[in-house]
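There are 2 protein chains.
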Amino acid sequence: QDKLISVTWDDGKTTNYPHIYLRDNCRCSSCFDPQTQQRSISNAVYHNYANATIKTARVDDKNDKLYLEWINDGEHTTSNFELDWLKAHRSITYDDIEVNPVTKQLWGSEMKNNLPQFDYNKILNDDSELHRWVRCMLKVGISLLVGLPEDIGQVKKFVNRVAYLRKTCYGSTFKIHTDKGDDLTTIAYKNGGLAMHTDLVYYESVPGILLLHCLRPAKQGGENQVADGFKAAEQLKASHPEYFDILTKYAIRYQDEGTDVGLSNFNQIAYHPVIRLNYNGDIKQIAYADHARCSKLIAPSDKVLSFYNAMTQFLQYAYDPANMVQFKLQSGCMIALDNYRIMHGRTGFEESADSIRFIEGGYVDWDEALSRMRVIEK
Amino acid sequence: QDKLISVTWDDGKTTNYPHIYLRDNCRCSSCFDPQTQQRSISNAVYHNYANATIKTARVDDKNDKLYLEWINDGEHTTSNFELDWLKAHRSITYDDIEVNPVTKQLWGSEMKNNLPQFDYNKILNDDSELHRWVRCMLKVGISLLVGLPEDIGQVKKFVNRVAYLRKTCYGSTFKIHTDKGDDLTTIAYKNGGLAMHTDLVYYESVPGILLLHCLRPAKQGGENQVADGFKAAEQLKASHPEYFDILTKYAIRYQDEGTDVGLSNFNQIAYHPVIRLNYNGDIKQIAYADHARCSKLIAPSDKVLSFYNAMTQFLQYAYDPANMVQFKLQSGCMIALDNYRIMHGRTGFEESADSIRFIEGGYVDWDEALSRMRVIEK
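As they're listed, the protein sequences go chains A and B.
Heads up: the first sequence begins at 1 in full-length UniProt numbering, then just goes up one per residue.
Heads up: the second sequence begins at 1 in full-length UniProt numbering, then just goes up one per residue.
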């Protein structure tokens, strides 16, 4: 009953194109706009493809085209396809969905003193270096940029090189320092330690890549802590599959309410599982932040203990000395983090009034970084 | 074996607080920062809550507090809780996850000439009207704003009233007109019809609310078509549950490659199921755009026909005359659409060289609209 057109290729293999597939991808001027390379079907009638049936099919060797005549397709009676187009679609489905063009390299403490390092100015001036940086962020999820001027504005300059800043309730970029007055919203702007987390989990639409530019480090302490959340999740999956399931199934409610200097009041609430899976079951996103985690739980009451145990075990993997890397970002350096994967925190610090720790941060979304990578590739 | 503290309330009901829950929510100055209302635990040791055990518990009636002594919790030996805090958390889990504070009102063609209407200037000047608008967008997903000046910049002005523009590869705002030269990326900037779709599905992070301000309508045609994608999905679920499953399970690959006047080149690719479900099984997002849908399919080859049939049936519900609403946006009017729910398109149009159709569009994310709503509520 399946309506199919069989095409046998030079290598002897065959593709069976369903009629409906060829109808959907008709390249005629009513169905497809060559200028924009987009489908241009605007008439709802055409959405009833199921009836469309190929009456005749003919390959013209002179111009390498397949000519089709349709019945039961309204006023639409013919299609033709370049054989090259058919060849490019000899597999009409993806064998493997290449959501990520780069295989992720999970890492642990061997990354200490081995963070992938990039020259800031080289990225600003060299497309292939920018491309290498995006690929590194896809693969490793962390990189150290060196050679930055020690003034405000470098995060914006860098992100504009990629695309544009992803603004948030903390501004286009945000300034991490302790001189914000009394109207504080987040412990990130105090001098205590900050447990490892991913940023802005109180957004449904979590920013993709986090950049932290150190203008002035703390005199004492304020060391960065980072861990590969994907590795911790994979370890959890291997050792405690039931905990892994719990952390993919039950979300956490996050909230952040307040303001920052010169900005509007906000009250952000979002729900994320600690481990979010892709539709194909791969790990897509780690979302976790102790400081913004709400007290009320989403997990049902008979799962509360398991949920806590799962969360605890996940964090123990993240903080495992074999996994966590600790270092102190120096002035003129910027760290870039995949905010869907890498957890980051810091130790508490001391500073003097005339020399406060100062970090400028900002975000660029993965959509834009990947787009830039593809554009450079062309 | 469960370690629990039972509290019986005045109404005779009891809450059993697991020890680990009280440990996690300890309000002492090492664990919680009252200024920012955030957890301030920065020491990984504390993540090993499972061992922490309450040795003594005592309610002090004089100051309405519960005092706890801990064992097996390192140097952390005591907690105390305001009884009011415990009362506010007498249910430690959500009975119902109120992701959306407003019940959605699904709609069809009865919305014709009945679109919820708002005065643009009133929203600009009146917080309660802005609040009413966000609630309407949550509930109905569409609204008509009237009384706008007929010049560029109103989308930005309006969105800045809510929060800030969500920038995309088409700019901070985008101008829909046919006078873009030959370097066209999207059929939206031509004068043909545009099948009903949701915007920017070639972003993983799809913008939340779409605003379209009409500065000048087409002389002939260019009518807007809208349909409630959630209603179409619910109808599909009721009539063809197997099709509904397919559209939640298999993603579509979307791509948009090109540029717009004065902007950088982009090459956006993203994957979305037509119907994305929330973790609790509710419909979360409709994502569909014929013009950016790739020819290669994610659905496996033995599901291709079912996938097409499912997509077709979904679109037939969307285009059902009982569901779709058609109208012509006039100059000085702006339409707002929940881009996670409402599909929109337009009919082809004709215009004269001295009077081209001109629409300015832009986005604001749901995170920000909901944040503004909550801030106004306080």
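C-beta atoms are modelled at their ideal positions from N, C-alpha and C, and glycine is treated no differently.
Here the structure is a predicted model, which is why all the values come from computation and not from measurement.
Kindly indicate which residue of the options has the alpha-carbon position closest to the one of residue i.
{"i": "residue 88 of chain A", "options": "A:126, A:17, A:251, A:318", "result": "A:17"}
{"i": "residue 119 of chain B", "options": "B:337, B:333, B:57, B:372", "result": "B:333"}
{"i": "residue 113 of chain B", "options": "B:127, B:220, B:144", "result": "B:144"}
{"i": "residue 316 of chain B", "options": "B:285, B:54, B:196, B:336", "result": "B:196"}
{"i": "residue 9 of chain B", "options": "B:239, B:347, B:83", "result": "B:83"}
{"i": "residue 303 of chain A", "options": "A:314, A:243, A:360", "result": "A:243"}
{"i": "residue 219 of chain B", "options": "B:48, B:351, B:66", "result": "B:351"}
{"i": "residue 109 of chain B", "options": "B:363, B:340, B:362, B:326", "result": "B:326"}
{"i": "residue 311 of chain B", "options": "B:163, B:22, B:263, B:290", "result": "B:290"}
{"i": "residue 280 of chain B", "options": "A:273, A:280, A:224, A:86", "result": "A:273"}
{"i": "residue 155 of chain B", "options": "B:141, B:175, B:187, B:295", "result": "B:175"}
{"i": "residue 180 of chain B", "options": "B:263, B:141, B:115", "result": "B:263"}
{"i": "residue 359 of chain B", "options": "B:214, B:3, B:158", "result": "B:214"}
{"i": "residue 308 of chain A", "options": "B:5, B:13, B:25, B:11", "result": "B:25"}
{"i": "residue 233 of chain B", "options": "B:346, B:340, B:128, B:331", "result": "B:340"}
{"i": "residue 338 of chain A", "options": "A:15, A:202, A:52, A:229", "result": "A:229"}
{"i": "residue 38 of chain B", "options": "A:121, A:202, A:77, A:30", "result": "A:202"}
{"i": "residue 323 of chain B", "options": "B:258, B:235, B:362", "result": "B:235"}
{"i": "residue 287 of chain A", "options": "A:260, A:167, A:247, A:258", "result": "A:247"}
Hey, how far is the Cα of residue i from the Cα of residue j?
{"i": "residue 40 of chain B", "j": "residue 32 of chain B", "result": "5 Å"}
{"i": "residue 354 of chain A", "j": "residue 117 of chain B", "result": "56 Å"}
{"i": "residue 209 of chain A", "j": "residue 19 of chain A", "result": "43 Å"}
{"i": "residue 74 of chain B", "j": "residue 222 of chain A", "result": "24 Å"}
{"i": "residue 153 of chain B", "j": "residue 160 of chain B", "result": "11 Å"}
{"i": "residue 172 of chain A", "j": "residue 55 of chain A", "result": "58 Å"}
{"i": "residue 91 of chain B", "j": "residue 253 of chain A", "result": "15 Å"}
{"i": "residue 255 of chain B", "j": "residue 293 of chain B", "result": "7 Å"}
{"i": "residue 94 of chain A", "j": "residue 299 of chain B", "result": "8 Å"}
{"i": "residue 169 of chain A", "j": "residue 199 of chain A", "result": "12 Å"}
{"i": "residue 79 of chain B", "j": "residue 7 of chain B", "result": "16 Å"}
{"i": "residue 65 of chain B", "j": "residue 72 of chain B", "result": "23 Å"}
{"i": "residue 224 of chain B", "j": "residue 329 of chain B", "result": "7 Å"}
{"i": "residue 295 of chain A", "j": "residue 282 of chain A", "result": "29 Å"}
{"i": "residue 150 of chain A", "j": "residue 106 of chain B", "result": "54 Å"}
{"i": "residue 141 of chain A", "j": "residue 343 of chain A", "result": "10 Å"}
{"i": "residue 239 of chain B", "j": "residue 313 of chain B", "result": "10 Å"}
{"i": "residue 349 of chain B", "j": "residue 211 of chain B", "result": "20 Å"}
{"i": "residue 319 of chain B", "j": "residue 128 of chain A", "result": "47 Å"}
{"i": "residue 148 of chain B", "j": "residue 347 of chain B", "result": "24 Å"}
{"i": "residue 164 of chain A", "j": "residue 321 of chain A", "result": "36 Å"}
{"i": "residue 22 of chain A", "j": "residue 374 of chain B", "result": "49 Å"}
{"i": "residue 305 of chain A", "j": "residue 217 of chain B", "result": "60 Å"}
{"i": "residue 206 of chain A", "j": "residue 207 of chain B", "result": "12 Å"}
Mapping DSSP to helix, strand and coil, what is residue i?
{"i": "residue 265 of chain A", "result": "coil"}
{"i": "residue 336 of chain A", "result": "strand"}
{"i": "residue 91 of chain B", "result": "coil"}
{"i": "residue 167 of chain B", "result": "coil"}
{"i": "residue 146 of chain B", "result": "strand"}
{"i": "residue 356 of chain A", "result": "coil"}
{"i": "residue 162 of chain A", "result": "helix"}
{"i": "residue 202 of chain B", "result": "coil"}
{"i": "residue 156 of chain B", "result": "helix"}
{"i": "residue 309 of chain B", "result": "helix"}
{"i": "residue 300 of chain A", "result": "coil"}
{"i": "residue 227 of chain B", "result": "strand"}
{"i": "residue 344 of chain A", "result": "strand"}
{"i": "residue 293 of chain B", "result": "strand"}
{"i": "residue 287 of chain A", "result": "coil"}
{"i": "residue 315 of chain A", "result": "helix"}
Using the DSSP secondary-structure output, state which residues sit across from residue i in a beta bridge.
{"i": "residue 57 of chain A", "result": "A:68"}
{"i": "residue 361 of chain B", "result": "B:174, B:212"}
{"i": "residue 79 of chain B", "result": "B:68"}
{"i": "residue 221 of chain B", "result": "B:349"}
{"i": "residue 33 of chain A", "result": "A:38"}
{"i": "residue 101 of chain A", "result": "DSSP lists no partner for residue 101 of chain A."}
{"i": "residue 14 of chain B", "result": "B:8"}
{"i": "residue 252 of chain B", "result": "B:272"}
{"i": "residue 258 of chain B", "result": "B:266"}
At a cut-off of 6 Å, is residue i close to the ligand SAM when judged by its beta-carbon and the heavy atoms of the ligand?
{"i": "residue 69 of chain A", "result": "As for the ligand SAM, it is missing from this structure, which has no ligand bound."}
Any chance the segment 180 to 196 of chain B sits against the segment 126 to 142 of chain B, with 3 or more Cβ pairs inside 8 Å?
Counting C-beta pairs with one atom in each stretch, the segment 180 to 196 of chain B and the segment 126 to 142 of chain B have fewer than three that are closer than 8 Å, which means they do not touch.
Indicate whether the contact test is met: 3 or more Cβ pairs, each with one atom in the segment 361 to 371 of chain B and one in the segment 266 to 274 of chain A, closer than 8 Å.
yes
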